[in-house]
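Protein chains: 2
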Amino acid sequence: MNRLFHVPLSPFCRKVRLCMAEKRLEVELVEERYWEQDPDFLRRNPAAKVPILKMDGKMMADSNAICEYLDEKYPEPALMPRDADGRYEVRRLVAWFDDKFHHEVTSKLLYERVNKKLMGTGYPDSTNVKAGAKAIKYHLDYMAWLLDHRRWLGGDVMTMADFAAAAHLSALDYISDVDWNRSEVVKDWYATIKSRPAFRAILADQVPGFPPPAHYADLDF
Amino acid sequence: MNRLFHVPLSPFCRKVRLCMAEKRLEVELVEERYWEQDPDFLRRNPAAKVPILKMDGKMMADSNAICEYLDEKYPEPALMPRDADGRYEVRRLVAWFDDKFHHEVTSKLLYERVNKKLMGTGYPDSTNVKAGAKAIKYHLDYMAWLLDHRRWLGGDVMTMADFAAAAHLSALDYISDVDWNRSEVVKDWYATIKSRPAFRAILADQVPGFPPPAHYADLDF
């Protein structure tokens, strides 16, 4: 049985979960409080981070390397375009969300509001929270600009780029930090991706101490 | 003509330069002081970072997306293995260096000692410098462990993983922050990669105000 060591609101773990669910790969989820540095976990994973996927007898780390592997080993349905230009654009956008969006938004909102409390490392820093709340507006506008030109973020078909973006936004939506009224195209895009069967498990997530708002799992939000 | 907007000591730019040189792709280098937020540069690149590669009429961002694109468009010599497992391992290691090593070592040594001065943002923070000097030891030991089991970092042949690692280490070697006496296998690996024609331009780099030490360009260091 495939096994994913994860934390429920981690966008990197969510991206892998979406990818596996879309490809109908069964996986057992094991919650991993990686910040407690459990020796067993560190042996599994010297990088000391999640997600870690146990599959085909191997322990795999790094969400990007894992997702590319899954798409190569289990090519249907494809989450990467077939041509080099299309693949470039998807990889650029995955990095945009996992790198830039993560740094400017996710780490400043989700990590301040949730991770700090879970890890017992203090209270949210209001300067960071303000910066994140400001930055997410520009990112939603950038997504709207892309979606004005394309059906999905990376082009005409749904790809890993959409899953990377949806992984971050769904985690932020869990704490009501996404203003869905800012852009109709972005809201429509999220409504479409949210209604996929692959999204179901993510909408059922519950983090103790942080009950999700009513709209989080509502397909008609 | 291909054009790369870069800064000389950026490991992400160096990785792209190594990749292009290995594939004998000619490129004109344009130094980009990205922290000055030149409006022309921001128009070229909304992520406001380097490297940016102008190629085939497109402006491309993100070193990982660029290198994967180059390897797909110009497959000889290959810098990625042909099988999914081999590709996973190379991508894991590229992320190891560009993510973990970058965060724990490069940003704490190179950015403190060089970037802060170039950007006029203050003096090195000695806590960070100490943390970086400590962390690089563990990373060199991890590389030694890999190289005890394999000829190159990612397996039996030279790959993007070696270029990612060499890009970081060469930038740190420019400021004499690598203890080559720590591990013989790591030193041998670096001597081999350093003597490749693809490395020549990198060894000729000169940053005003930061003359390289004599051993930097010496193939017999």
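Going line by line, the protein sequences match chains A and G. In terms of full-length UniProt numbering, the first sequence has 153 at position 153, counting the first letter as 1, and numbering is strictly consecutive. In terms of full-length UniProt numbering, the second sequence has 15 at position 15, counting the first letter as 1, and numbering is strictly consecutive. We treat Cβ as the ideally placed atom computed from N, Cα and C, and that holds for glycine. The model shown is predicted, which means the values in this text are computed figures rather than measured ones.
Mapping the DSSP letters down to three states, classify residue i as helix, strand or coil.
i        : result
A:Leu219 : coil
G:Glu22  : helix
A:Val207 : strand
A:Gly122 : coil
A:Trp180 : coil
G:Pro197 : helix
A:Pro11  : helix
A:Asp38  : coil
Would you kindly report the start and end of the unbroken beta strand (DSSP E) that includes residue i?
i       : result
G:Glu31 : 28–31
Suppose you measure from the CA of residue i to the CA of residue j; what does that come to, to the nearest Å?
i        : j        : result
G:Ser195 : A:Met80  : 36 Å
A:Asp162 : A:Val185 : 14 Å
A:Glu89  : A:Trp180 : 25 Å
G:Met20  : G:His168 : 17 Å
A:Met55  : A:Arg3   : 7 Å
A:Lys73  : A:Tyr123 : 43 Å
G:Met60  : A:Ala65  : 21 Å
G:Lys134 : G:Val105 : 8 Å
G:Leu18  : G:Leu140 : 21 Å
A:Phe210 : A:Lys23  : 30 Å
G:Tyr216 : G:Gln206 : 11 Å
G:Val16  : A:Lys58  : 30 Å
G:Val157 : G:Arg92  : 16 Å
G:Pro213 : A:Pro8   : 48 Å
A:Leu219 : A:Asp188 : 11 Å
A:Trp152 : A:Thr159 : 8 Å
G:Asp83  : A:Thr121 : 42 Å
G:Glu28  : A:Ser126 : 44 Å
A:Leu172 : A:Leu110 : 6 Å
A:Lys116 : G:Tyr34  : 32 Å
A:Val178 : A:Lys100 : 17 Å
A:Arg87  : G:Tyr69  : 8 Å
A:Ala166 : G:Gly132 : 34 Å
A:Lys108 : G:Asp71  : 35 Å
A:Val129 : G:Glu76  : 47 Å
A:Phe221 : A:Glu26  : 28 Å
A:Ala78  : A:Ala164 : 15 Å
G:Glu31  : A:Val30  : 47 Å
A:Lys137 : A:Asp85  : 28 Å
A:Met1   : A:Leu53  : 11 Å
For residue i, write down the residues that DSSP places opposite it in a beta bridge.
i        : result
A:Ile52  : A:Phe5, A:Ala61
G:Gly155 : G:Trp152
Starting from residue i, trace the alpha helix (DSSP H) in both directions and tell me its first and last residue.
i        : result
G:Asn128 : 126–149
G:Leu79  : Unbroken run through G:Leu79: none, as it is neither H nor E.
A:Arg200 : 200–203
A:Val114 : From DSSP, A:Val114 is part of no alpha helix (DSSP H); its letter is neither H nor E.
G:His168 : 160–174
Could you list which residues in chain A have their beta carbon closer than 8 Å to that of residue i, in chain order?
i       : result
G:Asp62 : Arg91, Arg92, Ala95, Trp96, Asp99
Residues of chain G with a CB under 9 Å from the CB of residue i: which are they?
i       : result
A:Ala65 : Arg87, Tyr88, Glu89, Val90, Arg91, Arg92, Leu93, Val94, Ala95
In chain A, which residues lie with their C-beta within 7 Å of the C-beta of residue i?
i                      : result
residue 272 of chain G : Outside the shown range of chain G (1 to 221) lies residue 272 of chain G, about which nothing can therefore be said.
Less than 8 Å between CB atoms is the rule here; does residue i satisfy it with respect to chain D?
i       : result
G:Met80 : Of the protein chains in this structure, namely A and G, none is chain D.
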